[in-house]
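This report concerns only the one structure given below.
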Amino acid sequence: MKKNADVIIIGAGVIGCATAYYLAKKGRSVIVLEQGKVIGYGGSGRNGGGVRQSGRDKRELALAMYGVKHLWPHLSEELGTDVEYYQQGNLRLGKTDDHINILKGLTATAVGQGLDVTMVSGADVREICPHLSDEVIGASWCPSDGHANPLKTTLAFHNAARQRGVQFYTEQSVLKLVMVGDKVRKVVTQSGEFEADRIVVAAGLASRPIIQTVGIDVPISAVALDTLITDAQPPMFYQMLGTAMADFYGHQTTHGSFIFGGGSSLDASLVNKASDHTPIEATAATCRGIFGYLPALKHAKVVRSWVGIIDYSKDKVPVISKVDDLPGLILGCGFTGHGFGISPSAGTVLAELANDETPSIDISELGYERFAELAV
């Protein structure tokens, strides 16, 4: 087992795998440490696959827009794997005047940041997606949004990184980070010590206790959400759908099945563990929400459901930055369920930070310093 590299990445989710790939492209030696037995078992393989710019906090919008413009369109070709990326737009739906007001506010924010997103009427919505209910009275429409397969994308980054020499070690629970002189240089697991010039912590919810071992903190907590997938249906539409009140979000896959994420957090007993069986009450609630917008799916069968855990940041946007008081340490955590769609951009920026380059995307409002007073 190799114990030294230019960069160690903690976490082999889609963010960690993307960072490893982009670092390897720069010629850096990389070790990735993953606490699970397999790659992509956590949130990276359990989400709804949205690649959206609309509806985002303006602080992370630059990452989403850069990825859609420069990275996602060519990602399958670059990684040598079809990640099932569709760029056929995103409708965020509303049924009431209150819903429309919410969507108007989100649209105004996005337009102010240069995103092409508009409000459309109920009639226009059904022109775009004829299968929607007549109860939908309007929506926000972003034609450049889309979706992709999250597990395939994670594994594509993983495989491409391995082909470039990145070493991945699973079942590596990080016990602590260790300073050498004035730098964070060592990662201690049950297998021993690993050492590098730069350490990137991209371990989702586990990031918090890891960085606490060197006296800093990021306020992230666990939230459990449900996802379901249906049996295959005839081709209907390939837009990404969401709602003003986040009742659900989802899309039709290449296979023909529909994958939907629920909009409400689950019972606290499910937090801190992933599950392959969602409580039936949660699945039923998500289905009721879907039928209100997509009556055409009332006879579709739910073939599988699962629970995913997200690392929910206190201010709902991630930390992507160096830590000035701890040279050598770089954070990529707290993605709050928004991480998959921006994963190529986040990986690009984290690789640049680890390579001492100026980030090519504006992350000035995603710095750790906004939480610096939480030192432990």
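Throughout the sequence shown, residue numbering follows the UniProt record's numbering, covering 1 to 376 in sequence.
The C-beta atom is built at its ideal place from N, Cα and C for all residues, glycine as well.
The structure displayed is predicted, hence computed values, not measured ones.
Distance between beta carbons of residue j and residue i, contact taken as under 8 Å
i	j	result
Val83	Leu71	Not quite, the Cβ-Cβ distance comes to about 11 Å (not below 8 Å), so this is no contact.
Leu228	Val302	5 Å
Leu33	Phe194	7 Å
Ala203	Ala24	That belief does not hold up - the Cβ atoms of Ala203 and Ala24 are roughly 19 Å apart, past 8 Å.
Val187	Ala354	Val187 to Ala354, Cβ: 14 Å. No contact.
Val68	Ala148	At roughly 11 Å, the Cβ-Cβ gap does not stay under 8 Å, so Val68 and Ala148 are not in contact.
Ala196	Ile31	7 Å
Leu326	Val184	5 Å
Gly262	Asp226	4 Å
Pro150	Gly49	5 Å
Gln239	Ile128	7 Å
Ser305	Thr348	Their Cβ separation, rounded to whole angstroms, is 33 Å, which puts Ser305 and Thr348 out of contact at 8 Å.
Ala64	Ile342	5 Å
Tyr86	Gly146	5 Å
Ala300	Gln252	About 11 Å; that fails the 8 Å criterion.
residue 378	Ala206	Given a span of 1 to 376 for the chain in the structure shown, any question on residue 378 remains unanswerable.
Residue from the options whose Cα sits closest to the Cα of residue i
i	options	result
Ala222	Glu77, Thr19, Lys26 and Ser313	Ser313
Ala346	Phe168, Asp315, Arg59 and Asn4	Arg59
Pro344	Pro73, Gly43 and Asp324	Pro73
Gln172	Lys3, Asp356 and Phe371	Lys3
Ile310	Val7, Thr170, Ser44 and Val38	Ser44
Glu281	Tyr293, Ile39 and Val307	Val307
Pro130	Ile100, Val188, Tyr293 and Arg304	Tyr293
Thr358	Glu373, Ile220, Ser321 and Gln113	Ser321
residue 378	Ala296, Ala224 and Val111	Residue 378 falls outside the range modelled here, since the chain spans only 1 to 376, and no answer is possible.
Ile100	Leu115, Glu127 and Glu135	Glu135
Ile137	Gly122, Thr19, Ile128 and Met179	Gly122
Thr213	Gly328, Tyr22 and Lys176	Lys176
Ile216	Glu373, Tyr21, Gln53 and Gln252	Glu373
Tyr368	Phe340, Gly339, Pro318 and Ile342	Pro318
Ser191	Val174, Ala206, Arg198 and Met179	Val174
Thr107	Thr96, Asp97 and Val120	Val120
Cys287	Tyr238, Asp324 and Phe248	Phe248
Arg164	Tyr21, Asp6, Leu155 and Ala5	Tyr21
Thr118	Gly181, Gln53, Met236 and Val178	Gln53
Asp356	Lys26, Ala5 and Met1	Lys26
Pro61	Asp116, Asp182, Asp324 and Gly289	A small fix is needed here, since residue 61 is Leu in this sequence, not Pro. Answer by Cα proximity: Asp116.
Gly46	Ala300, Phe260, Gln233 and Leu79	Here the sequence assigns Arg to residue 46, which means Gly is not the residue at that position. With distances taken between Cα atoms, Arg46 lies closest to Phe260.
residue 432	Ile211, Pro235, Val166 and Asn159	Nothing about residue 432 can be read from this structure; the chain reaches only from 1 to 376.
Asp57	His338, Val166, His255 and Glu352	His338
Val166	Val323, Ser29, Asp315 and Asp6	Ser29
residue 377	Asp98, Arg370 and Asp97	The structure shown does not extend to residue 377, since the chain is modelled only from 1 through 376, so no value can be given for it.
Thr8	Thr96, Gln233, Gly181 and Arg198	Inspection of the sequence shows that residue 8 is occupied by Ile rather than by Thr. Nearest of Thr96, Gln233, Gly181 and Arg198 to Ile8, Cα basis: Arg198.
Leu329	Asp182, Gly42, Pro235 and Gln88	Asp182
Gln88	Phe340, Met236 and Asp324	Met236
Leu155	Gly250, Gly105 and Thr81	Thr81
Gly250	Val218, Gly289 and Pro219	Gly289
Phe340	His255, Thr153 and Pro219	Thr153
Met1	Leu79, Gly55, Thr189 and Lys104	Thr189
In DSSP terms, what residue i is bridged to
i	result
Asn4	Glu195
Trp141	Leu91 and Thr118
Asp231	DSSP, once it has assigned bridges, lists no residue as partnering Asp231.
His251	Ile259
Ala224	Ile309
Gly13	Gly13 pairs with nothing; no bridge assigned.
Met240	Asn90
Ile31	Ile8 and Gln167
Val200	Ile9 and Ile330
Quick check: the region 234–252 against the region 360–369, are at least 3 beta-carbon pairs closer than 8 Å? no
How do the region 328–347 and the region 13–30 stand: do at least 3 beta-carbon pairs fall below 8 Å, yes or no? yes
Tell me the start and end of each unbroken beta strand (DSSP E) in the region 38–107 that is at least 3 residues and wholly inside, in chain order. 90–94
Taking the runs of the alpha helix (DSSP H) that are 4 residues or longer, which of them lie wholly in the region 131–193? 150–163
Only counting runs of 3 or more residues, tell me where the beta strand (DSSP E) segments fall wholly within the region 291–367, in order along the chain. Qualifying beta strand (DSSP E) stretches, in chain order: 302–313, 319–322 and 329–333.
Are three or more beta carbon pairs between the region 139–146 and the region 80–94 nearer than 8 Å? yes
For the 8 Å Cβ check, are there 3 or more pairs between the region 37–56 and the region 162–170? yes
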